[in-house]
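Report on the following structure.
Following this line, the structure appears as structure tokens:
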């Protein structure tokens, strides 16, 4: 659980200015290097996509896409290491499907064209 405390340093706070917010977001999405951190980071990103700053929301949507891509790599490596590639692939597919579902829900409920467009682009990349 020490690693979870480490991630919290990069969680975006409500009063963070725009530039540090984006930097923290990039770092946080880069820390999704194992199944536990992937879940933790995606959970945090769920809150960020509801932020009132459209640019930050779009950056958060892109971060969801990066984490989904990392999840595929992480789970493939785990499958190679454990010899259970099929289960690891299912885990990676589950992450991707959850990301797609969340992005589709966000796009359907958003009135911001930029957010909708970013969701579509990221969903396309995940697929």
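Residue numbers (the numbering used here): 130 to 256.
Note that beta-carbon positions come from the ideal geometry of N, C-alpha and C, so glycine has one too.
Because the structure is a prediction, the values reported are computed rather than measured.
Same chain, Cβ closer than 7 angstroms to residue 202, neighbours up to 5 away in sequence not counted: Counting from 1 along the chain shown, the entry for residue 202 is found at position 73. Closer than 7 angstroms at the Cβ level, and outside the excluded window around residue 202, lies no residue.
Buried or exposed (CB count within 10 angstroms, at least 16 for buried), residue 167: Mapped onto the chain shown, residue 167 falls at position 38. Result: buried.
Distance between residue 185 and residue 147 (C-alpha atoms, nearest Å): Residue 147 sits at position 18 when you count from the first residue of the chain shown. Residue 185 sits at position 56 when you count from the first residue of the chain shown. Cα to Cα, residue 147 sits roughly 8 angstroms from residue 185.
Outcome for residue 130 when other beta-carbon atoms lying within 10 angstroms are tallied against a minimum of 16: Here the question's residue 130 lines up with position 1 in the chain shown. Residue placement at residue 130 is flagged as unreliable, the pLDDT there being 47, under the threshold of 50; the coordinate-derived value follows with that caveat. Exposed, by the Cβ-count rule.
For residue 130, the three-state DSSP class (helix, strand or coil): Locating residue 130 in the chain shown gives position 1, counting from the first residue. In this predicted model, residue 130 has a pLDDT of only 47, less than 50, meaning its place in the structure is not dependable; the value taken from the coordinates is given anyway. If DSSP states are grouped into helix, strand and coil, residue 130 belongs with coil.
Best match in 256, 228, 136 and 138 for proximity to residue 189 [C-alpha to C-alpha]: Reading the chain shown from its first residue, position 60 is the one you call residue 189. Relative to the Cα of residue 189, the nearest Cα in the group 256, 228, 136 and 138 belongs to 228.
The stretch 234-242 contacting the stretch 211-226, beta-carbon criterion three pairs below 8 angstroms: With the cut-off at 8 angstroms, the stretch 234-242 and the stretch 211-226 do not touch.
Residue 155 versus 199, 144 and 165, residue with shortest Cα-Cα distance: Your numbering for residue 155 matches position 26 in the chain shown. The residue with the shortest Cα to Cα distance from residue 155 is 199.
Cβ shell of residue 220 (< 6 angstroms), same chain only, five flanking positions each side left out: Counted from its first residue, the chain shown places residue 220 at position 91. Contacts found: 204.
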